[in-house]
Structures are given as C-alpha cells and as structure tokens.
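All residue numbers for the sequence shown refer to my numbering, where the first residue is 37 and numbers rise by one. We put the CB at the ideal spot given by N, CA and C, even for glycine.
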Amino acid sequence: MKRDLGDLALFGGHASFLQQIHVGRPNRIDRARLFDRLSWALDNEWLTNNGPLAREFEERVADMVGVGNCVATCNATVALQLLAHATELTGEVIMPSLTFAATAHAVRWLGLEPVFCDIDPRTGCLDHVAVAAAITPRTSAVFGVHLWGRPCDVDALEKVTADAGLRLFFDAAHAIGCTSQGRPVGRFGHAEVFSFHATKVVNAFEGGAIVTDDDDLAHRVRSLANFGFGLHSPSAAGGTNAKMSEASAAMGLTSLDAFPEVARHNQANYEQYCGELARIPGLSVIDFAPDERHNYQYVIVEIDPDVTGLHRDLLVDLLRAENVVAQRYFSPACHQLEPYRSRQQFQLPHTERLSARVLALPTGSAISREDIRRVCNIVRLAVSRGFELTARWQQQPGPDGQSVVAPG
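In structure tokens:
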C-alpha cells in the first residue's frame, strides 16, 4: 500500500499493479455456452443475414426493455445513422456535447449539423430548457444521451420536442438495464439505441440495436439495414449493410445470460468505491438514484481542483504510472474537438466544467475487491495531498531538462 508521495510510481516508486487494469475490460461470461452457440451456428451453416441467433437476441432485448421491436445492428454508430435515414432527418440535430464523439460523428457523416446544447450540471444530461432555446426552423430532431447510465429528464424532453413537432431519439449506449421513474430505458422517445461494443456491460464483440414501439419505423430501419430491400417507399440513400452476424449474436446472448450477475458485481464494486472514497474533501463519486435500477457500468469520480490542488489530468497520469488506466469520459467534449471546434463556437459552461473534472475508474466483473482497495489507496493519497503532489510534479525535470508544468 502507498503511504507517502515517494511511494508513487510517478516519483520513482513501484507500480501498484504488474499488469494494467483499465476501464472497459470485457466482463466474464460462460465460455462453454458461447462456444456451444458458435458451434451450433457453424453446424447450422447460417452465419449472417438475420440468422436465428440474431433474431433470438432481438427478441430477448425487446422483452428485457418491454418494447415491440428490436433491430440488431453491427454497431451502435450505424444504428444512429439508420434512424436518421429512416426518419429523413434534415438540417440540424440537437444533442449534448458531453458524449462519445460517435453520437456527433454519426449525424455529421450524413451531412446533418450537430448543434451542441448544455447539460444539467446535476445529471450531466441534456438541459431541456437549453434544448428549447436551441430549436430553430432548421432543427429536425433531438438526440438525448443517458450519460453513464443515468437517464435524461425524459418527460421534459418529450414535452419540448412534442411542442416543437420534432423527433426525439436517445443514445442509450450506457443504459441497458436502467430505469427512469421505474420504466426501462429503451421505451422513450421515438426510438433508442443500445451499444453492445466489447467495452459495454452487455457486449456482442461489436454490435448495436434500435428499440422502438413504432412498427413502421422498425420495418423501415430493418429494410435499410439490409440494403434497402423490402422498403414500402424508396430511400434516397438506398440502403446499407448493418446486420448483426451470428457470431456477434452468440456473444450477445451469452452476455445477456451473464448480465444479472455482472450488474450485481458492478453494484458491489460501486458501493466499495463509494465507501473507500467517502469524506475526502474535493472528491465525489457520481451517484445513482436509489429508487431506480442501474447497471453500474461506470464508476465516475469528480475532482475539484480548487479544493484538492490536483487537476484531473494529473491524477489520470499518476494512475497510469501505477498501471491503472482511468478514462476521461468525456474530455474533451465534442464541441472542443475537430471538426466542430473550428466551425461554430458553442457556449457550454456546465459541459466544460464537468468534462474537465470527471474520470472513470476500472470496474466490471474482471475487477476484484482487492483491485479496488489498491486503486482507492492511490486516489486517497493523491487527492489528500494534492497541493504538495502538484508542486512536487512541477519541479520534476521534463525531457528538455526544464521543470514540467502541471495541467490546469
């Protein structure tokens, strides 16, 4: 255990972990069950093109969420694009900047203009008042993001978009298995999109899905994902190949089998982090509503540099030296990245403040209680002596022999 700043690997001490632990490690599954499904697919000689495993996966996701339709896709980015094509969006699409770049890139790739909107600082999700103020005659839709699995203010966004006659979609990449006012995420807006990337709490190696109760929209999305075949009316885009393979569906089904246990493990991890990092001035673990269901996929901590004397980025570098790979989810925010930064200036003070102060710590079924204890030991030492640590780091010689400058 680290007891003094000199014990930290950043200052020459031994790293706390021999091998890296990092955010987004795949969760443990029943490999025998996966291999059985893969063998069945090979024996069945139906490896893609809406095979039986993909259809079973769609049925299980739809049942889990409580919607009439699930269309599985090869990834979540293309799922967002399918929704945009299926509903013939034009002009501007309002969305948060505090999200993974794929949310914005997906619509920009289609020639649409992402309009970034500020967040509610309490939740990190879209501020419905800011959304209403951002609507113009060119706006065709709003994309909300359930950040870190904490749902948006769904009712408020549904009212704003209904009053304006706009489509409302949700990027629910983080939020499968979560609820808002007791209702499962996946049932809101006109449609929602899940991600089943390898880093997610349910993974299909790589995959996504669109869930909706709109039968016509589901048919159009499914047709567009299969080269446009079966469309009742033609699409100017024609169609694409966005289908989920049987191998991905086999992994997705096996991951769904493991989901209840993974979620319980994640919750135990989250509660341990909360206990270990309690009562540290200037540090807080982002909380979840106690009366809702969560997947606890992310453990997010917020660092106040004015109180701790420690910038988030220096803590990330310090952890990396210990072989703990934390992530800045999400920093820089999308409006601070190209190609958006140079095109339009957005005033998003709440987004920028939160983006600069948060990081995700490792969790998931591959992370043990002892791992968490050691990570928290590093974090407690660094944050409790942040001013001293920063000053010492600034005195370290850089590659040119000059003292380094701490981030800020």
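Among the options, nearest to residue i - alpha-carbon criterion
{"i": "LEU373", "options": "HIS141, ASN413 and VAL103", "result": "HIS141"}
{"i": "SER320", "options": "GLN333, TYR306 and GLY48", "result": "TYR306"}
{"i": "LEU350", "options": "LEU395, ARG409 and SER281", "result": "LEU395"}
{"i": "VAL97", "options": "PRO385, GLY243 and TYR365", "result": "GLY243"}
{"i": "GLU358", "options": "TYR309, ALA120 and CYS412", "result": "CYS412"}
{"i": "TYR376", "options": "PRO433, ASP407, PHE232 and VAL143", "result": "VAL143"}
{"i": "ILE316", "options": "LEU292, PHE324, PRO157 and THR344", "result": "THR344"}
{"i": "LEU346", "options": "THR215, HIS121 and ALA427", "result": "ALA427"}
{"i": "ARG356", "options": "ILE57, GLY42 and ARG39", "result": "ILE57"}
{"i": "PRO132", "options": "ILE408, PRO368 and GLN432", "result": "PRO368"}
{"i": "GLY218", "options": "ALA325, ARG405, ASN80 and VAL178", "result": "ALA325"}
{"i": "VAL352", "options": "VAL181, ALA45, HIS182 and LEU118", "result": "ALA45"}
{"i": "VAL114", "options": "PHE152, VAL257 and THR159", "result": "VAL257"}
{"i": "THR123", "options": "ALA273, LEU183, GLU95 and GLU388", "result": "ALA273"}
{"i": "TRP82", "options": "ALA283, HIS386, ASP293 and ARG364", "result": "ALA283"}
{"i": "TRP184", "options": "CYS214, HIS164 and ALA166", "result": "CYS214"}
{"i": "PRO150", "options": "GLN380, HIS210 and GLU406", "result": "GLN380"}
{"i": "GLN55", "options": "VAL419, ALA402 and ASN80", "result": "ALA402"}
{"i": "ASP250", "options": "GLY222, ALA392 and ASN277", "result": "GLY222"}
{"i": "ILE408", "options": "GLN430, HIS386 and GLN308", "result": "GLN308"}
For residue j and residue i, the rounded distance between their alpha carbons
{"i": "VAL27", "j": "VAL335", "result": "This structure leaves residue 27 out entirely; the chain is present only between 37 and 444."}
{"i": "GLY225", "j": "ARG416", "result": "41 Å"}
{"i": "ARG300", "j": "HIS330", "result": "10 Å"}
{"i": "LEU469", "j": "ILE414", "result": "In the structure as shown, the chain starts at 37 and stops at 444, and residue 469 therefore has no counterpart that could be examined."}
{"i": "PHE232", "j": "LEU397", "result": "20 Å"}
{"i": "ASN288", "j": "ARG69", "result": "It is worth fixing the name first, because residue 288 is Gly in this sequence and not Asn. Each residue's alpha carbon lies about 11 Å from the other."}
{"i": "LYS279", "j": "PRO341", "result": "46 Å"}
{"i": "SER291", "j": "TYR332", "result": "16 Å"}
{"i": "GLY318", "j": "ILE339", "result": "6 Å"}
{"i": "ASP27", "j": "PRO270", "result": "The structure shown does not extend to residue 27, since the chain spans only 37 to 444, so no value can be given for it."}
{"i": "THR175", "j": "VAL101", "result": "29 Å"}
{"i": "ARG410", "j": "SER404", "result": "10 Å"}
{"i": "GLY49", "j": "LYS38", "result": "9 Å"}
{"i": "GLY188", "j": "ASN86", "result": "Checking the sequence shown, residue 188 turns out to be Cys, not Gly. Their Cα atoms are separated by approximately 32 Å."}
{"i": "LEU89", "j": "GLY147", "result": "34 Å"}
{"i": "ALA198", "j": "GLY127", "result": "18 Å"}
{"i": "PHE423", "j": "ASP327", "result": "38 Å"}
{"i": "CYS106", "j": "ALA200", "result": "27 Å"}
{"i": "ALA51", "j": "VAL298", "result": "28 Å"}
{"i": "ASP252", "j": "HIS121", "result": "14 Å"}
{"i": "ALA166", "j": "PRO173", "result": "16 Å"}
{"i": "GLU406", "j": "PHE53", "result": "11 Å"}
{"i": "ASP99", "j": "ASP293", "result": "14 Å"}
{"i": "GLU388", "j": "ASP163", "result": "14 Å"}
DSSP-derived helix/strand/coil call for residue i
{"i": "ASN86", "result": "coil"}
{"i": "CYS153", "result": "strand"}
{"i": "ARG203", "result": "strand"}
{"i": "LEU248", "result": "In the sequence under discussion, the amino acid at residue 248 is Thr, which differs from the Leu named in the question. If DSSP states are grouped into helix, strand and coil, THR248 belongs with the strands."}
{"i": "GLU307", "result": "helix"}
{"i": "VAL337", "result": "strand"}
{"i": "ALA108", "result": "strand"}
{"i": "ALA177", "result": "strand"}
{"i": "THR516", "result": "With the chain represented from 37 up to 444, any question about residue 516 goes unanswered, as that position is not in the structure."}
{"i": "PHE324", "result": "coil"}
{"i": "THR215", "result": "strand"}
{"i": "VAL229", "result": "strand"}
{"i": "ASN80", "result": "helix"}
{"i": "ILE130", "result": "strand"}
{"i": "HIS301", "result": "helix"}
{"i": "PRO296", "result": "helix"}
{"i": "ASN413", "result": "helix"}
{"i": "LEU74", "result": "helix"}
{"i": "LEU148", "result": "coil"}
{"i": "LEU319", "result": "strand"}
{"i": "LEU162", "result": "strand"}
{"i": "HIS58", "result": "strand"}
Residues near residue i by beta carbon distance below 6 Å, same chain, minus five either side
{"i": "PHE230", "result": "ALA208, ILE212 and ALA245"}
{"i": "GLY275", "result": "LEU260, PHE263 and GLY264"}
{"i": "ALA168", "result": "VAL196"}
{"i": "ALA177", "result": "LEU125, VAL129, LEU202 and ARG203"}
{"i": "LEU74", "result": "ALA286"}
{"i": "GLY400", "result": "ARG61 and ASN63"}
{"i": "THR235", "result": "GLY60"}
{"i": "PHE295", "result": "VAL238"}
{"i": "ARG364", "result": "LEU395"}
{"i": "GLY266", "result": "SER259"}
Residues of its chain near residue i, where Cβ-Cβ distance is below 8 Å and the 5 sequence neighbours each way are ignored
{"i": "ALA390", "result": "The question names Ala, but residue 390 in the sequence shown is Leu. So the list reads LEU134, ILE155, PRO157, GLY160 and GLU338, once near-sequence residues are dropped."}
{"i": "PHE205", "result": "LEU116, LEU119, ALA177, VAL178, PHE179, GLY180, GLY225, HIS226, ALA227, GLU228 and VAL229"}
Sequence-distant residues of the same chain with beta carbon closer than 7 Å to residue i, five excluded per side
{"i": "HIS371", "result": "SER133, PHE152, ARG377, PHE382 and LEU384"}
{"i": "ALA254", "result": "ASN105, VAL107 and THR248"}
Taking only runs that begin and end inside the stretch 340-409, name each unbroken alpha helix (DSSP H) of 4 or more residues, in chain order.
-> 341-344, 348-357 and 385-391
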